[in-house]
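With the numbering used here, the residue at position 71 of the sequence shown is 71, and numbering never jumps.
Just so you know, even glycine gets a beta-carbon here, dropped at the ideal spot from N, CA and C.
Source: prediction; values computed, not measured.
This report refers to the structure that appears directly beneath it.
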Amino acid sequence: AEKVEKDNIVEKAEAAGGYLNFFVNKEEFIKQVINQVIQQGDKYGSSDEGEGKTVLVEFSSPNIAKPFHIGHLVNTITGNAIEKIFKHLGYNTVKLNHIGDYGTQFGKLISAYKRWGNDEVIEKDPINELMNIYVKFHEEAEKDPSLEDEGRYYFKKLEEGDPEAVALWEKFRELSLKEFKKLYDDFNIEFDSYAGESFYTDKMPEVIDILREKNLLKESSGAQIVDLEQFNLPPCIILKSDGATIYATRDLAAAIYRKRTYDFYKCLYVVGNTQALHFKQVFSVLKLAGFDWADDCVHIGTSLVKFADRKLSTRKGDVIFAKEVVDEAVEKTLEIINTKNPNLENKEDVAKKVGMGAIIYTFLKNNMDKDIVFSWEDMLNFEGESGPYVMYSYVRGKSILRKAENIDINPDLSNLKTDDEFYLAKHLSLFKETVKQAAERYEPFVINRYVTELAKVYNKFYNTHPILTADKEVRDARLALTKAVTIVLATGLGLLGIQPPENM
Numbered sequence: 001a002e003k004v005e006k007d008n009i010v011e012k013a014e015a016a017g018g019y020l021n022f023f024v025n026k027e028e029f030i031k032q033v034i035n036q037v038i039q040q041g042d043k044y045g046s047s048d049e050g051e052g053k054t055v056l057v058e059f060s061s062p063n064i065a066k067p068f069h070i071g072h073l074v075n076t077i078t079g080n081a082i083e084k085i086f087k088h089l090g091y092n093t094v095k096l097n098h099i100g101d102y103g104t105q106f107g108k109l110i111s112a113y114k115r116w117g118n119d120e121v122i123e124k125d126p127i128n129e130l131m132n133i134y135v136k137f138h139e140e141a142e143k144d145p146s147l148e149d150e151g152r153y154y155f156k157k158l159e160e161g162d163p164e165a166v167a168l169w170e171k172f173r174e175l176s177l178k179e180f181k182k183l184y185d186d187f188n189i190e191f192d193s194y195a196g197e198s199f200y201t202d203k204m205p206e207v208i209d210i211l212r213e214k215n216l217l218k219e220s221s222g223a224q225i226v227d228l229e230q231f232n233l234p235p236c237i238i239l240k241s242d243g244a245t246i247y248a249t250r251d252l253a254a255a256i257y258r259k260r261t262y263d264f265y266k267c268l269y270v271v272g273n274t275q276a277l278h279f280k281q282v283f284s285v286l287k288l289a290g291f292d293w294a295d296d297c298v299h300i301g302t303s304l305v306k307f308a309d310r311k312l313s314t315r316k317g318d319v320i321f322a323k324e325v326v327d328e329a330v331e332k333t334l335e336i337i338n339t340k341n342p343n344l345e346n347k348e349d350v351a352k353k354v355g356m357g358a359i360i361y362t363f364l365k366n367n368m369d370k371d372i373v374f375s376w377e378d379m380l381n382f383e384g385e386s387g388p389y390v391m392y393s394y395v396r397g398k399s400i401l402r403k404a405e406n407i408d409i410n411p412d413l414s415n416l417k418t419d420d421e422f423y424l425a426k427h428l429s430l431f432k433e434t435v436k437q438a439a440e441r442y443e444p445f446v447i448n449r450y451v452t453e454l455a456k457v458y459n460k461f462y463n464t465h466p467i468l469t470a471d472k473e474v475r476d477a478r479l480a481l482t483k484a485v486t487i488v489l490a491t492g493l494g495l496l497g498i499q500p501p502e503n504m
């Protein structure tokens, strides 16, 4: 114990029963933590561990001409948070949206459009209208099976590059992306690439050649497969019996293209847990083909959403559309504001931030092997463990700072002497480790839990200790502590994709 060099924070070290106990100089510790947070601002908790390394995050990936459903929203919110966490640690990040924009369904959609499409109606509500004519195609095809042949005919035309078929496909893609981008804008998400399934179509023959060269392709019931028995996995189908490629082939082509293009350190696929087997197969095929970097490809399986109250009115049975959830969250938040604080300025803007923040918080509340339980009551509760509760704690701190004119910029932090103040500083000091842990585990909920705990600790402090009415020395020190808390709350919420309002 005598050999331990003293620094300002370690007061003393004592050997006891085979252990070494360190005693912290609380005053010095509090001072260092608060000064660090205030100096570094929103860079607090960041690091350069990822310098020179590229992390790709594939997320969202909705299907063209189909509504953006709640599962896509979970992937979108989770992927966005994971990207922000890696960026905070100094990685160069690339956000990929692997759009579902190819397949035989587009032949059917072209056929449906040529029969029943009305441009004026489609322009107004593209996704629902395209969905409607697509559903109509299936209903009619049951009565007249020759429609299926017509669908196949148009898909063949599309594959052959027929100008009319390609122009219609591009139109459907553009209209859909325009709609999706409205939702992305609401969540402040910008993708670096929308290269979807169609982008990799011409890159698939090379994959088949590579697998042939390595003698990995085997025939099974007319299809071409890769046997994955050594990985205890079912075989991976590469070509169907009619010679058509399937998802796996496309994902193999995408992985190889991405490695060549970005030379990634990690390629993360944020996709529902239901796809776990598919990705195990794809990564195993890459390994068999001699691509060692297959180990750097990671599937991050997102949770299913279960509805506690099941009161979401949807037009299409069980499919729950993202837009409806977002609109309803904002609407319900506005109702709460109108009841609790009717004179609040920019009510609509606040309702949007709080409502959307509540959704993000709920989706990232637990680790991903648990279902997401969706209940309006819990989600918009300003008291319990919820997005509004954490945002309100931030707003509370900001409100105190606004009320305190002439803050002493150089407060004497040795006036922070209570256990609650030490505990707050201790919690602030854990932020950097928390961000690191969230990245290592690919789990944004680690940060969610952290900001919730920080909000609780700050609220306890706020309710127990006077701030603005304390003696000047204590007041100034507590204002500095409050400022540090608001910085870390805003940064932590920001990493989840939540932008808290300045007042509520």
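Beta-bridge pairing by DSSP links Gln224 to Glu219 and Leu239. With a contact defined as Cβ atoms closer than 8 Å, Ile99 and Ile64 qualify at about 6 Å. Straight across, the Cα-Cα distance linking His465 with Glu27 is about 18 Å. Residue burial annotation: Ser61 is buried, with at least 16 other C-beta atoms found within 10 angstroms of its C-beta. Excluding residues up to 5 positions away in sequence, Tyr394, Gly397, Lys398 and Leu401 lie with their Cβ nearer than 8 Å to the Cβ of Thr486 in the same chain. Distance between Glu142 and Tyr134, taken at the CA atoms: about 13 Å.
Contact annotation: Ile360 and Ile498 have beta-carbon atoms nearer than 8 Å.
Taking Ala254 as the centre and dropping the five residues before and after it, the same chain places the C-beta of Tyr200 closer than 6 Å to its C-beta, in chain order. In this structure, Asn80 places its C-beta atom within 8 Å of the C-beta atom of Ile189.
Between the region 82 to 94 and the region 151 to 169 there are fewer than three inter-stretch CB-CB distances shorter than 8 Å, so the stretches are not counted as touching. In the three-state reduction of the DSSP assignment, Gly17 falls in the coil class. In this structure, Lys353 sits away from Pro444, with a CB-CB distance that is not shorter than 8 Å. In its chain, beyond the 5 residues on either side, Ala65, Lys66, Pro67, Phe68, Leu175, Ser176 and Glu179 have a beta carbon closer than 8 Å to the beta carbon of Ile127. Here Phe382 carries a coil assignment [DSSP, helix/strand/coil]. Distance between Gly117 and Glu129, taken at the CA atoms: about 9 Å.
Scanning Pro235, Ala308, Val285 and Ile337 for the CA closest to the CA of Cys297 turns up Val285.
Looking at the backbone, the Cα of Asp101 and that of Ile77 are separated by about 21 Å. Secondary-structure assignment with DSSP links Val271 through a beta bridge to Gly301. Distance from the Cα of Asp349 is smallest, within the candidate group Val457, Pro205, Pro342 and Leu334, for Leu334.
Residue environment analysis places His138 among the exposed positions, since fewer than 16 neighbouring C-beta atoms fall within 10 angstroms of its C-beta. Bounds of any alpha helix (DSSP H) do not take in Lys203, whose DSSP letter is neither H nor E.
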